[in-house]
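What follows is one structure encoded as structure tokens, with my remarks underneath.
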Amino acid sequence: MHKDVAFLGSSLEELRCLPQDVRRTVGYQLNRLQEGDLPDDWKPMPTIGAGVAEIRVRDATGAYRAIYVAKFTEAVYVLHVFAKKTQRTARRDIALARRRYAELLRDRS
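Read in order, the letters of the sequence shown are residues 4 to 112 in the numbering used here.
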């Protein structure tokens, strides 16, 4: 099983702005999802939507997140990618991922 990866909104540009090592790690973790495996470090994000989760990456430069949904057969959808500045995920990051998830559901129906 191999799914495509689809970046929603500006999530691909957001990923491209991260440090190279972080981009490489996120890419590897997305590849794991494409193959039907779970990322090494992830957490469900039910406040955003059913089946939504985040890839968690930490390195010397900080903490980074890639919010995705992989429950659909056709693709792994990347909703939002960002550098995490505080312990809690910022409201605006959650709101943006929630908005993109709602658009995805609307477009799929």
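All C-beta atoms in this analysis are idealised placements derived from N, C-alpha and C, irrespective of residue type, glycine included.
All values derive from a computational prediction rather than experimental measurement.
In this structure, does DSSP put I58 in helix, strand or coil?
strand
Using three-state DSSP, classify D40 as helix, strand or coil.
coil
Between R102, Y80, V72 and G65, which has its C-alpha nearest T89's C-alpha?
G65
Is Y67 close to chain B, meaning its C-beta is less than 8 Å from at least one C-beta of that chain?
The question asks about chain B, but that chain is absent: this structure has only one protein chain.
Compare the beta carbon distance of V29 and D62 with 8 Å and say whether it is the shorter of the two.
no
Bridge partners for H83 per DSSP, in chain order?
I70
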